[in-house]
Amino acid sequence: MITKRSPLSEDDIIIVPTGCCHDCGGRCVLRAHVKDGKILRLETDNGKQPQVRACLRGRAYRQRVYSPDRLKYPLRRIGERGEGKFERISWDEALDEVASELTRIKKTYGNSSIFLAAGSGNQGMLHGPIPVASMLIAFGGFTRIWGVASYEGPLFASMATYGTIRTGNSRDDLLNSHLVIIWGWNPANTIHDPETSFTLSRVREKGIKIVAVDPRYTDTAATFADRWIPIRPGTDAAMLIAMAHVIITEDLENKAFIEKYTVGFDRYRDYVLGYEDGIPKTPQWAEIITTVPAKTIVGLAREYALSKPAALIAGWGPARAARGEQYSRAANVLIAITGNIGINGGYASGFMRAYSSRETTSGTYRSRNPVENGAPPRKNSLYKLRGGTNPNSARIHSAKIFDAMLRGRAGGYPADLKMAYVVASNFINQHPNTRRGVAAFKALEFVVVHEQFMTPTAKLGDIILPVNTFMERNDIAPACLGSPYYIYLNKAIDSLYESKSDLEVVRELSKRLGLPPGLGAMSEDDILRFIASSRGDIPNYEQMKRNGVVKIKLPEPIVSFKEQIEDPENNPFPTLSGKIEIYCEHLEEMNNPLLPPIPKYLKHSESYDAPLAAKYPLQLLTTHYKTRAHSTWHNVPWMREIEPHSIWINPVDARERGIRDRDLVYVFNDRGKIRIPAKVTERIMPRVVNVSQGTWYNPDEQGVDQGGCANVLTDDAHSPSGAHHMNSALVQVEPAEEGMP
Amino acid sequence: MTQMGFYFDQTRCTGCYTCTVACKDWHDLSAGPVNWMRVHTIEKGKFPDLFVAYLALSCCHCENTPCAMVCPAGAIIKRESDGIVVVDREKCLGNLDCGKACFKACPWGAPQFGQEENAKMQKCDLCLERLEQGQKPICVEACPMYALDVGPLPELRAKYGDCVEAEGFRYPERFKPSVTFKPKKRYQGEP
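The listed protein sequences correspond, in order, to chains A and B.
Under numbering that gives the first Met the number 0, the first sequence has 688 at position 689, and the numbering climbs by one with no breaks.
Under numbering that gives the first Met the number 0, the second sequence has 81 at position 82, and the numbering climbs by one with no breaks.
So this is what it looks like as structure tokens:
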């Protein structure tokens, strides 16, 4: 146990502004106190307000950098793949082998057989997957995923409704609202820009009412909400549609706004009132589905329609589900019919990237990746719109990669995958149906992994290349969502052990592959200078580097669609109709009953009332957790001792099963079984359980995961928009006898 | 002497533990039982009518220090200048030899002991080194919710009010802990 104060005099210490930019929802400032090449301790932003203060994850960074579990040198597998037996090899041996396997596989099967398993573990703009992708494009191309587990449903709904992902207002504008509804959104844990929770506090302190709709009484609901409305998972669209029913039947919709700025209200009204299918979507109808009392739905609908302006923030969690896009669409449409778009205090939900510091990929299905050249747009994509997800059909949905590895072209996929190049990703842990993922990775011919730790995915590697951390290299990271700032991560210490940066690895490999140096010819600093200059909102590179952050001053809060609302003649919405699309013709053309042109409540094979619920009666949520960013920080001791990993279960369900608080339980369905301690708590509604995602898969000899990895239980399916089914699995829970599978 | 003390805005605390981790990093404390700054969770009620609050608490630097009163070695000292309670670890007998008298006397468990043999007491010293340089303690500068403050107690009470109780914290008159709170109250509005 280290318990001594550092006796060092301050004179010997230099403070290096760097940061913490994994994929948690924040990108934050850290100030590393360095002496003799070693980081002694950290501070966060203590400069000008607004400060970009790091959360507990960033504060624990030293235990990542100096973890005894860091991968120290290149490794080559010696046992069976996945067995976990490796030998130490030199960088030359490792890189030679990767280059020769890449060359062999390209020659034998073509470039499409190379799969880039690029994850979100590094949010810097220079390191991580970016240089690897550039190298593989120069090498002739590769197969990649489409469909981001976090947000594909809201992204699709944003595009379909507004024609863009730049939705929402900046956080400070919430202070102009008269009512804030936070729906399935838990920024106290998921951050969603570092100033968000503090802003919600200010909203509350100003006397603005906050209502939380969520199956759990989250830290966000508990801290900020005046009222909590628990709702059955997967039924959010039903409640939103019933709120529309109240608003329409009570004549509370904003008719002038609907007339001027939207298309297709009548078609939606016909569905809501039951003219289309004979079922009026009344609050009583929704009560049976959602468990939310009809009078509560009526009350919230009236409150939302009459509190002008009002902000409905529809979080991504409920859309991370089967038919999740319908929830996002239903929220967007409710916001539109009350006219809460383009105004201060309103809020156009959806993707919620209010500030354009970070864009997604190009607007067309064209690609500079040779493997994707000439491929037509994907079915069910919004290919006629610019922006959003690239609809190129050569890409494979990330939930289907394991299936594609196992079945290839014969299974209807665009490629036969033979190797995986894994970078910044604990891929099998963080994609649905982990056990299938292990089987799929075992079926490949070659797996190379850039990693800092021996993750469950790295364990499936043939060659593991040790890469360094943020503190051992320079990078720039933009804000996660809508905040106007960039972090400059200065290198604070030299790379530990034999680790290298992703860029250094790529340079070495490119040489071996006979590729032109490209960006590799430029110094790291020159590349970063180039990245900064191409942004347009970074006025002074040197100053940003010196301060570790650049905060862009905005004259007033950002309000998405302000121009479209104030001057619609000159500023049409970037949809095909130029208006907000309540009814979307692009969707109509798809002629897919699972992607109707108006939002609908749709069921699926693991809905609460599906036949499978007789066998697996509990609905599983797999939410984000305060001590991890996905699977990063899983192995950090300071994090593991804080509210240890457990399954949340309501006392009613626990009692029925003879489960007491902290008992070990099994959670299982047809896809797998995990063993995990129970947290018996009133903070989750009956018939719903929660296993936060991100702990590392660790199966015992019987195949029962002792690590409590949520994705052992999730379905490797996706909705037609691309939404993952992470919050849609049905499970059963039973007490675990110690030592018995 | 101007007594230094803590302010905690319980209405803002999301239970994120950033203060706990920043403290462990700054003071180089390993994972384990030693937590100078602790966050307690208070959960009450039955679904769906719930109340949850967090209480971030380190050492209250009491005016009448119960820990110092019981220390058999006189190792716990209340500083004349600012009332900060510090421990002289050279003098501390260790938890085996004295049976954790200070820990038992403290209503909040502020005195901490590591897992080593006959561990000596350690606890929050309000980041003395930082205070001397005109900086706030690391927990105050860490809190993403700006829910913590440290300063001369009269100033804190003038600025934030003199409420000395919060959910999970009762004020023992005989010790006079140097704290002031904005307590979280159960929502009393409409259902």
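Every residue, glycine too, gets a C-beta built ideally from N, C-alpha and C.
Does residue i get closer than 9 Å to chain A when you measure Cβ to Cβ?
i, result
"R11/B", "yes"
"E42/B", "yes"
"W107/B", "no"
"E189/B", "Residue placement at E189/B is poorly supported in this model, since its pLDDT is 42, which falls under 50; the coordinates still yield a value, given next. True, the Cβ-Cβ gap to chain A drops below 9 Å."
"Y145/B", "yes"
"L49/B", "yes"
"C58/B", "no"
"F180/B", "no"
"A67/B", "no"
"K45/B", "yes"
"A52/B", "yes"
"C142/B", "yes"
"K175/B", "no"
From the beta carbon of residue i, is the nearest beta carbon of chain B less than 9 Å away?
i, result
"R742/A", "With chain A represented from 0 up to 740, any question about residue 742/A goes unanswered, as that position is not in the structure."
"K625/A", "yes"
"Y484/A", "no"
"E640/A", "yes"
"E42/A", "yes"
"S637/A", "It is Trp, not Ser, that sits at residue 637/A in the sequence shown. Judged by the 9 Å Cβ criterion, W637/A is in contact with chain B."
"G721/A", "no"
"M238/A", "no"
"A330/A", "no"
"R511/A", "no"
"V212/A", "no"
"R203/A", "yes"
"L488/A", "no"
"S306/A", "no"
"N379/A", "no"
"S200/A", "yes"
Count the other C-beta atoms from every protein chain shown that fall within 10 angstroms of the C-beta of residue i, then say buried if there are 16 or more, exposed otherwise.
i, result
"E736/A", "exposed"
"E324/A", "buried"
"P67/A", "exposed"
"P538/A", "exposed"
"A156/A", "buried"
"K183/B", "buried"
"P16/A", "buried"
"I129/A", "buried"
"F5/B", "buried"
"Y274/A", "exposed"
"V35/A", "Sequence check: residue 35/A is Asp here, not Val. Answer is exposed; the Cβ neighbour count stays below 16."
"K458/A", "buried"
"V178/B", "buried"
"L769/A", "The shown model of chain A, from 0 to 740, leaves out residue 769/A, and the question about it has no answer."
State the CB to CB distance for the pair residue i and residue j, rounded to an integer number of angstroms; the pair is presumed to be in contact (CB under 8 Å).
i, j, result
"C18/B", "C142/B", "6 Å"
"R165/A", "S559/A", "6 Å"
"V147/A", "L508/A", "Actually they do not touch by this definition, with Cβ atoms about 26 Å apart."
Going by the C-beta, is residue i closer than 8 Å to any heavy atom of the ligand HEM?
i, result
"Y420/A", "For the ligand HEM, the structure offers nothing, since it holds no ligand at all."
Residues of the stretch 126-140 of chain B with a CB closer than 9 Å to any CB of chain A: list them in chain order, please.
Under the 9 Å Cβ criterion, the stretch 126-140 of chain B contributes E128, Q132, Q134, K135, I137 and E140.
At 3 residues or longer, what runs of the beta strand (DSSP E) sit wholly inside the stretch 98-154 of chain B?
Listed in chain order, the complete beta strand (DSSP E) runs (minimum 3 residues) inside the stretch 98-154 of chain B are 147-151.
Under 8 Å, CB to CB, which of the residues in the stretch 5-36 of chain B have a partner in chain A?
So the list reads T10, R11, C12, T13, G14, C15, Y16, T17, T19, V20, A21, K23, D24, W25, H26, D27, L28, S29, A30, G31 and V33, given in the order they occur along the chain.
Contained alpha helix (DSSP H) runs [length at least 4] in the stretch 190-251 of chain A, N- to C-terminal order:
List check, alpha helix (DSSP H) in window: 195-204, 218-223 and 235-248.
What are the residues in the stretch 19-33 of chain A lying within 8 Å of chain B by C-beta distance?
So nothing in the stretch comes that close.
Output needed in chain order: residues of the stretch 51-62 of chain A with a Cβ under 7 Å from some Cβ in chain B.
Residues of the stretch 51-62 of chain A with a Cβ closer than 7 Å to any Cβ of chain B, in chain order: R52, C54, L55, R58, A59 and R61.
Complete runs of the alpha helix (DSSP H) confined to the stretch 460-514 of chain A [at least 4 residues]:
You should have 501-511.
Name, going along the chain, the residues of the stretch 214-234 of chain A whose beta-carbon falls closer than 9 Å to a beta-carbon of chain B.
Answer in chain order: Y216, D218, T219, A220, A221, T222, F223, A224, D225, R226, W227, I228 and P229.
Residue ranges of each alpha helix (DSSP H) run of no fewer than 4 residues wholly in the stretch 418-464 of chain A, ordered along the chain?
List check, alpha helix (DSSP H) in window: 426-429 and 433-441.
Quick check on the DSSP output: what are the complete alpha helix (DSSP H) runs of length 4 or more inside the stretch 111-182 of chain A, in order along the chain?
The qualifying runs are 128-137 and 151-161.
Near-chain B residues of the stretch 165-198 of chain A - C-beta to any C-beta below 7 Å
Listed by position along the chain: A187, P193, S196 and F197.
Please identify, using Cβ separations under 9 Å, the residues of the stretch 675-703 of chain A that lie next to chain B, in order along the chain.
From the stretch 675-703 of chain A, only T680, E681, R682, I683, M684 and P685 have a Cβ closer than 9 Å to chain B.
Mind pulling the alpha helix (DSSP H) runs of 4 or more residues that sit fully within the stretch 305-393 of chain A?
Runs found: 323-336.
Return the chain-ordered ranges of every beta strand (DSSP E) run that is complete within the stretch 74-109 of chain A and spans a minimum of 3 residues.
Whole beta strand (DSSP E) segments, 3+ residues: 74-76 and 85-87.
Taking Cβ-Cβ distances below 9 Å as the criterion, which residues of the stretch 642-672 of chain A are in contact with chain B?
Residues of the stretch 642-672 of chain A that bring their beta carbon within less than 9 Å of a beta carbon in chain B comprise E642, N649, P650 and V651, in sequence order.
Quick one: complete beta strand (DSSP E) runs, 3+ long, within the stretch 32-102 of chain B?
Qualifying beta strand (DSSP E) stretches, in chain order: 37-45, 48-56, 75-77 and 84-86.
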